[in-house]
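J.: Going by numbering that gives the first Met the number 0, the residue at position 220 of the sequence shown is 219; the numbering climbs one at a time, nothing skipped.
Backbone N, C-alpha and C fix where the C-beta goes; we use that ideal spot for every residue, glycine too.
Just so it is clear, the structure is predicted and the values come from calculations on it, not from any experiment.
Pasting a structure here, questions to come.
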Amino acid sequence: MEEVSRAGIMVLISGVGVGILFGFVLQRGRYCMNSAFRDVIFVNDYTLMRSYCLALVVAIVGANLLEDFGFLGDDGLRRQSFNIIANIVGGYLFGLGIVMAGGCGSGIIYRIGEGYTSAIVGTLGFATSLLATYNGPLKPVMQYLKSFKVSIGQGEDAVTNPALWDLVGGASVKWVVIGVLAVVLLTVVWKGNPLKATARKGFAWPLTGLLLGGVLVLAIWASYFWGGQARGLSAAGPTSEAFLAVTMANSMAKFDPMFDFWGIFTATWSALYIFGIPLGAYLSAKGLNEFKWQAPPAQELVRVFLGSLIMGFGAATAGGCTIGHALTGVSSLALSSIVATVFMILGNWTMVYFTFIKPMQDE
């Protein structure tokens, strides 16, 4: 952790402001990674998946342009080391948990702004499990799973935080890989007739995808410029840091700079945007007359809480959630994030099958 410094007002404004934008887009676009993955296998609907693919194109191109033009300092994009077992196990468990919880990390947080009390329960369970894994009794398990690391190359040339292009020739073919991947993703997007897409209320899926990608690129730059590290968007580490900032007045981050806000509390830039997400969703929901406090049955609350506990351990172990890996991490084309995302999808599909599809087949 870097030394705590006194924060300027722009640190607060930029952090919360990015969170507001993110929450507004999520609510207005009815977007959640859980739904995007689930709908493919459950109702054969690729709408949100196409929105995700479009967001990825914007994010991959935008993030790597920021890096290559030097807007992110010497460290550039923060690609994670390839902890293959942790990425697989954590990603799969996170995929299972989001189905039980009824939303991914950012999904349950933004639904607080719509008035879902189950989302409050889910967020509390998510934060509790994250802290138990980062700092508590589950930490040894996480550390053991993360001890299995894979590098590309040998000796001094070995890359410990490899990107996709490191498999096919290294940085010299970076933009060739990005170009090929962009064509593949845009082919999937184009099959959904994006120019004809409409929505009764809120944003149509192509606009949602473009805005999600744009907000991520903004967050990557803003987290570096005001927050000290190009962290982008995530709902795992920042949620635990936001929870600690509220309960302990100190985010206790290990790697990211923390800022002292008038001696009242210290927090990372990323913790600040967590506070902005439900606020942005609330503003959007109020604008659409969709805000309403909703209290589900106790049985659903128990399921949501248990799912959120699994989510927290999975996210901490995998090194991120769906937003942290499937959007921010994949925008850098880090192998760790690509593998984690694949297993998040597989975990999601496994739980969808046993929770929804199989019971329908047995009737």
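1. Does the distance from the CB of L144 to the CB of I84 come in under 9 Å?
2. For my contact list, L180 and L326 are in at a C-beta cut-off of 8 Å; report their separation, rounded to the angstrom.
3. So what does Q293 bridge to, in DSSP terms?
4. In the structure shown, what three-state DSSP assignment does E1 receive?
5. Which whole runs of the alpha helix (DSSP H) in the stretch 1-85 are 4 residues long or more, in chain order?
6. If the criterion is Cβ atoms closer than 9 Å, does the pair I263 and M99 meet it?
7. Give the straight-line distance between the Cα atoms of A359 and T349, rounded to the nearest whole angstrom.
8. Thinking A383 and Y133 are a contact (beta carbons under 8 Å), I'd like their distance in whole angstroms, please.
9. Short of 7 Å in beta carbon distance, which residues of its chain neighbour C320, apart from the five on each side in sequence? Order them along the chain.
10. For F254, does the three-state DSSP call read helix, strand or coil?
11. Near A244, what residues of its chain come up, given a Cβ to Cβ distance below 6 Å and the 5 sequence neighbours on each side ignored?
12. Below 8 Å CB to CB, which residues in the same chain sit around I356 once its five sequence neighbours on both sides are set aside?
13. Give, in chain order, every unbroken run of the alpha helix (DSSP H) that is at least 4 residues long and sits entirely within the stretch 265-325.
14. Can you give the beta carbon distance from A157 to L332, rounded, assuming they're within the 8 Å contact cut?
15. Does C249 come out as helix, strand or coil in the three-state DSSP assignment?
16. I want to know whether the stretch 11-29 touches the stretch 195-214 - three or more CB-CB distances under 8 Å.
17. Do E113 and E299 have their C-beta atoms within less than 9 Å of each other?
18. What does the Cβ neighbour count give for F312, buried or exposed, with the cut at 16 atoms within 10 Å?
19. Would you tell me roughly how many angstroms separate the C-alpha atoms of A317 and N192, rounded to the nearest one?
20. Could you tell me whether the Cβ atoms of G22 and S283 are closer together than 9 Å?
21. Report the rounded CA-to-CA distance for G121 versus Q293, giving the unit in angstroms.
22. Could you check the C-alpha separation between P136 and T127 for me, to the nearest Å?
23. Going by CA-CA distance only, name the one from A35, N33, L53, I111 that's closest to K291.
24. Specify the secondary structure class of F125 as computed by DSSP and reduced to three states.
25. In whole angstroms, what separates the C-alpha of D361 from that of G7?
26. Taking the beta carbon of E155 as the centre, do at least 16 other beta carbons fall within 10 Å, making it buried, or is it exposed?
27. So, helix, strand or coil for I356, using DSSP?
28. Return yes when the Cβ of N33 is within less than 9 Å of the Cβ of I108, no when it is not.
29. Can you tell me which of I59, N43, L11 puts its alpha carbon nearest to the alpha carbon of H324?
30. Between which two residues does the alpha helix (DSSP H) containing P205 stretch?
31. Check for me: the alpha helix (DSSP H) holding N347 runs from which residue to which?
32. Whole angstroms is fine: what's the gap from P139's alpha carbon to A131's?
33. Which partner residues of I177 appear in the DSSP bridge assignment?
34. For the ligand ZN, I want to know if F242 counts as a neighbour, meaning its beta carbon is within less than 8 Å of at least one of the ligand's heavy atoms.
35. Could you pull the start and end residues of the alpha helix (DSSP H) that P139 belongs to?
36. Which of the three DSSP states is assigned to A100 in this structure?
T.: Concretely, from the data shown:
1. Here residue 144 corresponds to residue number 145 of the sequence shown, with the count starting at 1. Here residue 84 corresponds to residue number 85 of the sequence shown, with the count starting at 1. Yes, these two residues count as a Cβ contact at 9 Å.
2. Here residue 180 is taken as the residue at index 181 of the sequence shown, counted from 1. Here residue 326 is taken as the residue at index 327 of the sequence shown, counted from 1. Wrong, their Cβ atoms sit about 14 Å apart, outside the cutoff.
3. Position 294 of the sequence shown, counting from 1, holds the residue named residue 293. DSSP, once it has assigned bridges, lists Y115 as partnering Q293.
4. Numbered from 1 along the sequence shown, position 2 holds the residue referred to as residue 1. Model confidence at E1 stands at a pLDDT of 46, short of 50, so the residue's coordinates are unreliable and nothing is read from them.
5. As far as the stretch 1-85 is concerned, its whole alpha helix (DSSP H) runs of at least 4 residues are 8-27, 32-41, 46-67.
6. Numbered from 1 along the sequence shown, position 264 holds the residue referred to as residue 263. Numbered from 1 along the sequence shown, position 100 holds the residue referred to as residue 99. In this structure, I263 lies away from M99, with their beta-carbon atoms at least 9 Å apart.
7. Counting from 1 along the sequence shown, the entry for residue 359 is found at position 360. Counting from 1 along the sequence shown, the entry for residue 349 is found at position 350. It should be pointed out that residue 359 corresponds to Met in this sequence rather than to Ala. M359 and T349 have their alpha carbons spaced roughly 15 Å apart.
8. Outside the modelled stretch of the chain, which goes from 0 to 362, sits residue 383, for which no answer is possible.
9. The residue you call residue 320 lines up with position 321 of the sequence shown. So the list reads F93, C103, G104, S233, A234, A235, A314, once near-sequence residues are dropped.
10. By 1-based counting over the sequence shown, the position of residue 254 is 255. Note: F254 maps to coil in three-state DSSP.
11. The residue labelled residue 244 in the question sits at position 245 within the sequence shown. Answer for A244: S250, F264, A266, A270, listed in chain order.
12. Here residue 356 refers to the residue found at position 357 of the sequence shown. Within the same chain, I356 has close Cβ partners I40, F41.
13. Whole alpha helix (DSSP H) segments, 4+ residues: 268-286, 297-317.
14. Position 158 of the sequence shown, counting from 1, holds the residue named residue 157. Position 333 of the sequence shown, counting from 1, holds the residue named residue 332. About 18 Å separates the two Cβ atoms, so there is no contact after all.
15. Position 250 of the sequence shown holds residue 249. According to the sequence as given, residue 249 is Asn; it is not Cys. Here DSSP, grouped into helix, strand and coil, assigns N249 to strand.
16. Because the criterion of three Cβ pairs below 8 Å is met, the stretch 11-29 and the stretch 195-214 touch.
17. Along the sequence shown, one-based indexing puts residue 113 at 114. Along the sequence shown, one-based indexing puts residue 299 at 300. No, the pair does not count as a contact, with Cβ atoms beyond the cut-off.
18. Stepping through the sequence shown from its first residue, residue 312 is reached at position 313. It counts as buried.
19. Mapped onto the sequence shown, residue 317 falls at position 318. Mapped onto the sequence shown, residue 192 falls at position 193. Straight-line spacing of the CA atoms in A317 and N192 works out to 34 Å.
20. What you label residue 22 is simply residue 23 of the sequence shown in a count that begins at 1. What you label residue 283 is simply residue 284 of the sequence shown in a count that begins at 1. Yes.
21. Locating residue 121 in the sequence shown gives position 122, where the first residue counts as 1. Locating residue 293 in the sequence shown gives position 294, where the first residue counts as 1. Rounded to whole angstroms, G121 to Q293 spans 14 Å at the Cα level.
22. Counted from its first residue, the sequence shown places residue 136 at position 137. Counted from its first residue, the sequence shown places residue 127 at position 128. Those two C-alpha atoms are separated by around 12 Å.
23. Position 292 of the sequence shown, counted from the start, is the residue given in the question as residue 291. In terms of Cα proximity to K291, the closest of A35, N33, L53, I111 is I111.
24. As a first step, residue 125 is located in the sequence shown; it is residue number 126 there, counting from the start. Here DSSP, grouped into helix, strand and coil, assigns F125 to helix.
25. In the sequence shown, residue 361 corresponds to position 362, counting from 1. In the sequence shown, residue 7 corresponds to position 8, counting from 1. If I take the Cα positions, the gap works out to 60 Å.
26. For the purposes of this step, residue 155 is taken as residue 156 along the sequence shown, with counting starting at 1. By the 10 Å Cβ count, E155 comes out exposed.
27. Position 357 of the sequence shown, counting from 1, holds the residue named residue 356. Here I356 sits in helix by DSSP.
28. Taking the sequence shown and counting its residues from 1, the one referred to as residue 108 is at position 109. Taking the sequence shown and counting its residues from 1, the one referred to as residue 33 is at position 34. Remark: C-beta atoms of I108 and N33 do not approach each other more closely than 9 Å.
29. Along the sequence shown, read from residue 1 onward, the residue named residue 324 stands at position 325. The shortest Cα separation from H324 among I59, N43, L11 belongs to I59.
30. Here residue 205 refers to the residue found at position 206 of the sequence shown. 204-224 is the span of the alpha helix (DSSP H), which, as asked, contains P205.
31. Walking along the sequence shown from the start, residue 347 turns up at place 348. First-last of the alpha helix (DSSP H) with N347: 334-351.
32. Working through the sequence shown from its first residue, we reach residue 139 at position 140. Working through the sequence shown from its first residue, we reach residue 131 at position 132. It is roughly 10 Å from the alpha-carbon of P139 to the alpha-carbon of A131.
33. Translated into positions along the sequence shown, residue 177 becomes position 178. According to DSSP, I177 bridges with nothing at all.
34. Inclusion of the ligand ZN in the displayed structure is not the case, the ligand content being empty and no account of it being possible.
35. One-based indexing of the sequence shown puts residue 139 at position 140. Unbroken alpha helix (DSSP H) run through P139: 138-145.
36. Indexing the sequence shown from 1 puts residue 100 at position 101. Look at A100 here: in three-state DSSP terms it is helix.
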